[in-house]
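With the working numbering, the residue at position 85 of the sequence shown is 77, and numbering never jumps.
All C-beta atoms, glycine included, are put in the ideal place defined by N, C-alpha and C.
Here the structure is a predicted model, which is why all the values come from computation and not from measurement.
Here the structure is laid out as structure tokens; the discussion comes afterwards.
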Amino acid sequence: MLLSLSIRNVVLIDTLDAVFESGLCALTGETGAGKSILLGALGLAAGERADRAQVRAGADEAQAVAEFDLADSHPARALLDEAGITVEPGEPLILRRRLGEDGRSRAHVNDQAASIGLLRSLGDVLVEVHGQHDGRGLMDPKTHRGYLDTYAGHDDLRTACRSAWKEFSGARRRLDELVSANRASDEEKAFLTHALEELEALSPKTGEEAELAEERQFLQGAERALGDLQEAQEALAGDGGGLEGRLNAALRGLERVRGHIGEGGGAAGEALDRAASAIDRALIEFTEAEDALGDAAQAFDVEPGRLDAVEERLFALRGLSRKHNVDADELPALHGRLAEQLDAIENAADRIAEAEKAVTAARARYDDAAHALSRSREKAGEALAKAVAAELPPLKMDKARFRVSVTSDDERAGPDGRDSVVFEVATNPGAPFGALDKIASGGELSRFGLALKVSLADEDEGLVLVFDEVDQGVGGAVADAVGRRLKRLAEKGQTLVVTHSPQVAAVADHHWKIVKDDDGKGGVRTTLVRLEGDERREEIARMLSGAEVTDAARAQADALMSAETQLL
């Protein structure tokens, strides 16, 4: 729902702020007051093409801001999520467009810079205008198939068609890959064979390069390390039995002292015990040190030629990785890929035959699904045409004809079938049918749009419908019929109508008057006034009688307004 529209310096409008509500909203005013400018500003905010002529004379910039209320399920939310713009539940969506006098424009969505393309995509699911400002929704042939599908309610057929298309596309892609691989030259086959032989001969393993580099570093220092270890062993052994012999001699001497003084011995005995324990521990640590040094020396006693072998292996790994422009750790995976490519070449004929059968079978399933969808569309198109035809006579278009053209073409085959759907009309007897969007008359176009919207019923929940002079050139019973249909549409959400018809204005839930007057500076300005009570009655009376409002016109206005509840 459109909550508000704020306009600054757009053509004749210098400042205008309007707040809208749900239901049927009527916009009235004398010809030339600026109703089209207001709709143009709404289109500007919703991403329509901008024209530098829209900038008010003397102003540097024009601005239009439209604020919308979004339901949690509104399709605009998917577009916002894709663009990375968050609009919390209950928070309004604000579309802002600035247009400079040089013709350049900028867009913002909830104060975040956005592309004009995003603004237009959001506008496509927020607003649909029928009349001289049309170009979206029903007036856009690209939308007709979607409208017809929703009207038909054949979601199961669409799902089946999309599934069949996915299967068919996958089978066709697999066949193309195999055919492409089969075109490989003898040189490519020779290259793959040679590359695989190299990889198989080397048999690289993931992580092997790092392990070899670490081992090479160890081996390069092993010889020097072994000499240093031998010096450490000699220093530990020493001359004349070394440290171990001296520690054993000291321990024996302590044992003899203990023999002289016997058990006990007071403080001297305790000191002897501590000394003996310490020497004993030293002997144990000394033995462990000798063993550890021996183990280390043995570890450094490497196999002769091992360093050369490691360096040669490492050089081969790195050379092959450079040759194929991959990391050494990726060589095993490369081997697998090249093996698959060679296998595909060598067994291409059999695989292509299998793939062709798969494509044929998938194509048959897609043809069946697409054909079923086409039949359903044709049937739904006939039903929609009858529904629209029933709506045309009350709208003073009893001579007009409407049809839904459904044509199939293999060139258009895709996940949603192969159909082109176009809403076509003929406005006069004997006249040929033409696309709906090619109708010249703005009034006829609006009434066709109204008939379609009524026939499509619940298609556009959350979409703001705007009808621009849908009652152009009609009055009396026809205007009454227009009002009835607009009222029905507005029950489902929000409908804005620019109207010259008192019958339509009288049934509106809300009424605004667009007024153009002197701005006091030698120019004109356009304002929007909300009408209630007597003011609304006076405006409807003006629409009935013209420049001079009579008591009879006021009475007729009262009658129209009091009959509002009977129009449903």
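Here leucine 455 is not near glutamate 83, since their CB atoms are 8 Å or more apart.
Within a 10 Å sphere around the beta-carbon of valine 2 sit 16 or more other beta-carbons, which makes this residue buried. One Cα belongs to alanine 331, the other to glutamate 322, and the distance between them is close to 14 Å. For phenylalanine 425, no alpha helix (DSSP H) encloses it, and the DSSP letter there is neither H nor E. Judged by beta-carbon spacing, serine 493 lies beyond the 8 Å limit of aspartate 526, meaning their Cβ atoms are not closer than that value. Listed in chain order, the non-local C-beta contacts of alanine 99 below 6 Å within the same chain comprise Arg89, Ala106, Ile108, Leu111, local neighbours out to five positions each way being set aside. With respect to aspartate 6, arginine 48 sits close: the two C-beta atoms are nearer than 8 Å. Spanning the alpha carbons of proline 386 and glutamate 13 requires a straight line of approximately 28 Å. Three or more beta-carbon pairs separated by less than 8 Å are not found between the region 136 to 145 and the region 59 to 77, which leaves the two stretches without contact. If you ignore the 5 residues before and after glutamate 436, its C-beta comes within less than 8 Å of the C-beta of Met389, Ala392, Thr419, all in its own chain and listed in chain order. Bounds of the beta strand (DSSP E) holding glycine 92 are 85 to 92. Rounded to whole angstroms, alanine 405 and arginine 44 show a C-alpha spacing of 41 Å. Of the candidates Leu87, Thr151, Asp52, the residue whose Cα lies closest to the Cα of aspartate 408 is Thr151. A distance below 6 Å between beta-carbons, with the five flanking residues on each side excluded, links alanine 187 to the following residues of its chain, in chain order: Leu330. Taken through DSSP and simplified to helix, strand or coil, glycine 373 comes out as helix.
Pairing glycine 92 with valine 57, the inter-Cα distance amounts to about 15 Å.
Put simply, the region 308 to 325 does not touch the region 271 to 281. Fewer than three CB pairs are less than 8 Å apart.
Judged by DSSP in its simplified three-state form, aspartate 9 adopts strand.
At least 8 Å separates the beta-carbon of valine 466 from that of leucine 478. Contact check for glycine 373 and valine 351: beta-carbon distance about 31 Å, past the 8 Å limit, so the pair fails to qualify.
The criterion of a C-beta distance shorter than 8 Å is not satisfied by valine 490 and glutamate 524. Asp116 is the residue among Leu299, Asp116, Gly26, Glu53 whose C-alpha sits nearest the C-alpha of proline 67.
For isoleucine 506, the secondary structure class from DSSP, reduced to helix, strand or coil, is strand. Beta bridge pairing from DSSP links phenylalanine 459 with His122, Val489. With a beta-carbon spacing of about 15 Å, alanine 301 and glutamate 201 fall beyond the 8 Å limit used to define contacts. DSSP places glycine 15 inside the beta strand (DSSP E), whose first and last residues are 15 to 20. In this structure, DSSP gives glutamine 464 a state outside helix and strand, which the three-state scheme calls coil. DSSP, reduced to helix, strand and coil, places serine 161 within a helical segment of the structure shown. Around the beta carbon of serine 269, a 10 Å sphere encloses fewer than 16 other beta carbons of the protein chains shown; the residue is thus reported as exposed. Setting aside the 5 residues that flank it on each side, leucine 488 is surrounded in the same chain by Cys17, Val458, each with a C-beta closer than 6 Å to its C-beta; the list follows chain order. A straight-line Cα-Cα distance of about 15 Å links leucine 243 and glutamate 262. Residue Gln55 holds the alpha-carbon nearest to the alpha-carbon of glycine 35 among Asn102, Gln55, Glu255. Around alanine 427, the same chain offers Pro133, Val414, Glu416 as residues with beta carbons nearer than 7 Å, after the five sequence neighbours per side are excluded. Residue burial is scored here from C-beta neighbours: arginine 529 has at least 16 other C-beta atoms within 10 angstroms and is therefore classed as buried. In the DSSP assignment, arginine 0 is bridged to Thr7, Gln55.
Cβ-Cβ distances below 6 Å link glutamate 207 to Val302 in the same chain, with the five nearest sequence neighbours on each side left out; the list follows chain order.
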